[in-house]
Amino acid sequence: MSEEKEQPERSGADEPVEESATVEPAQAAEPVEAEQAPAEPAAEQPAQSVEPEPQPETEAERPVTDRQPVRLPSEGRSRLKAAMWPPRVSRGQLVVALLLFALGLALAIQVRSTNDHSQLRGARQEDLVRILDELDGRQQRLQLEKTQLEQSLAQLENSSNQAKEAQEQTRKKAAELGVLAGTEKASGPGIVLTIDDPQGQVKADMLLDTLQELRAAGAEAIQINDVRVVAGTYFTDNASGSGVQIDGKSVSQPFRFTVVGNPQDLTPALNIPGGVVRSLEKQQARATIVQQQKVVVDALATPKPLQYGKPAAK
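Under the working numbering, the first residue of the sequence shown is numbered 18, with each subsequent residue one higher.
Below, the structure is given as structure tokens:
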């Protein structure tokens, strides 16, 4: 625009030209000068400079100021994530959340119950009767099943009790048989018979007579020194003439009989006239009997396997 204004003024100073003739050539030549100005500088107009038309600024060329800071999207997302996680929940907020959840659950249950009642309220009489019959039948079936389960439980308990009782009886019987067989220890009331034989006149037959007298009086478990007496126990004299062997084991005096049984029956059986005590006194041996409320027979016998006998079939 400045070029258009200056060019008519120079043309008017050089020679008079009509206004219409002056304007048309200028308008026709203006685009040519604007396009050729950067390539060929005009010699006639050295002082003139062509100003470029202002172009719209892009976001990349726009100056950055403090009011509009440039932030990368990843940085913004990182800050947002850091602000949101981990969530900071106070105890009060947690309590309020739980209360709201409970309230919502209660409302949902109430609404569902109301809907169920509404459905029943709107049902026909035939449907209500059918539903009632189904509920009654279901209740009867459940009651019958409950009764059957209770009966089964009672039977199992009885069977369990019977099994426990049978096991207890079997265990008790096995222990009793073990005492008789000499494989179990025995304890109870009884007597302790001590035979002192300083002259060495007590032989195997006298010890056997004493054992038979005790068995006849009801002795249940007998131990001589450290040898357990069982049904197959045998007595022999030593070849040297002094001492006795019981089941092949040498036993020296004093001979100590530890007997489990009723003391009131065992003592008189040994003291009868012509009995064990009198026979020992004739051999210059001394017999001492001590009754006790509890004696312990702790020697054990080794059972021998049967060679010929076996349990008979029922």
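Idealized CB from N, CA, C, for every residue including glycine.
Just so it is clear, the structure is predicted and the values come from calculations on it, not from any experiment.
Using the Cβ count rule (16 or more neighbours within 10 Å means buried), how would you classify residue i?
{"i": "F252", "result": "buried"}
{"i": "L111", "result": "exposed"}
{"i": "F274", "result": "buried"}
{"i": "I148", "result": "exposed"}
{"i": "V113", "result": "exposed"}
{"i": "P320", "result": "exposed"}
{"i": "A233", "result": "exposed"}
{"i": "A125", "result": "exposed"}
{"i": "L297", "result": "buried"}
{"i": "L122", "result": "exposed"}
{"i": "A304", "result": "buried"}
{"i": "A330", "result": "exposed"}
{"i": "L115", "result": "exposed"}
{"i": "A119", "result": "exposed"}
{"i": "A302", "result": "buried"}
{"i": "L283", "result": "buried"}
{"i": "L194", "result": "exposed"}
{"i": "A59", "result": "Residue confidence is low: A59 scores 44 on pLDDT, short of 50, so the model does not pin down where it sits. Its coordinate-derived value is still stated next. Counting Cβ neighbours within 10 Å, A59 comes out exposed, since fewer than 16 surround it."}
Compare the C-alpha of residue i against each of the options and name the closest.
{"i": "P322", "options": "A198, E143 and D153", "result": "A198"}
{"i": "A221", "options": "A316, N255 and T305", "result": "N255"}
{"i": "T200", "options": "R108, P328 and A316", "result": "A316"}
{"i": "G235", "options": "Q184, Q281 and F118", "result": "Q281"}
{"i": "V261", "options": "V219, E167, L124 and G292", "result": "V219"}
{"i": "D223", "options": "Q142, E193, Q300 and L161", "result": "Looking at the sequence itself, residue 223 is Met, so the reference to Asp does not match. Checked all of Q142, E193, Q300 and L161; the closest Cα to M223 is Q300."}
{"i": "N279", "options": "R158, L231, K190 and G249", "result": "L231"}
Under DSSP, the alpha helix (DSSP H) around residue i begins and ends at which residues?
{"i": "G154", "result": "Q142 to A198"}
{"i": "K299", "result": "V293 to K299"}
{"i": "L210", "result": "Per DSSP, L210 belongs to no alpha helix (DSSP H); it is in the beta strand (DSSP E), A203 to D213."}
{"i": "D282", "result": "P280 to N288"}
Which stretch, first to last residue, makes up the beta strand (DSSP E) that contains residue i?
{"i": "Q229", "result": "That residue, Q229, is in no beta strand (DSSP E); its alpha helix (DSSP H) goes A221 to A233."}
{"i": "T275", "result": "F272 to V277"}
{"i": "Q309", "result": "R303 to V314"}
{"i": "I267", "result": "Rather than Ile, the amino acid found at residue 267 in this sequence is Ser. Run containing S267: K266 to V268, per the beta strand (DSSP E) assignment."}
{"i": "D243", "result": "Where D243 is concerned, there is no enclosing beta strand (DSSP E), given that its DSSP letter is neither H nor E."}
{"i": "T319", "result": "Segment: none, T319 is in no beta strand (DSSP E) and carries neither H nor E."}
{"i": "Q262", "result": "V261 to I263"}
{"i": "T253", "result": "F252 to D254"}
With distances taken between CB atoms, is the gap from residue i to residue j smaller than 7 Å?
{"i": "V277", "j": "V244", "result": "no"}
{"i": "S257", "j": "G217", "result": "no"}
{"i": "I208", "j": "I241", "result": "no"}
{"i": "G247", "j": "A171", "result": "According to the sequence shown, residue 247 is Val rather than Gly. Going by C-beta atoms, V247 is not nearer than 7 Å to A171."}
{"i": "A238", "j": "V196", "result": "yes"}
{"i": "L203", "j": "V294", "result": "First, the residue type needs correcting, since residue 203 is Ala and not Leu in the sequence shown. Contact flag unset, no."}
{"i": "Q310", "j": "P206", "result": "yes"}
Counting beta carbon pairs with one atom in the segment 286-294 and one in the segment 225-233, are three or more of them shorter than 8 Å? yes
Meets three-Cβ-pair contact criterion under 8 Å: the segment 196-216 and the segment 266-279: yes
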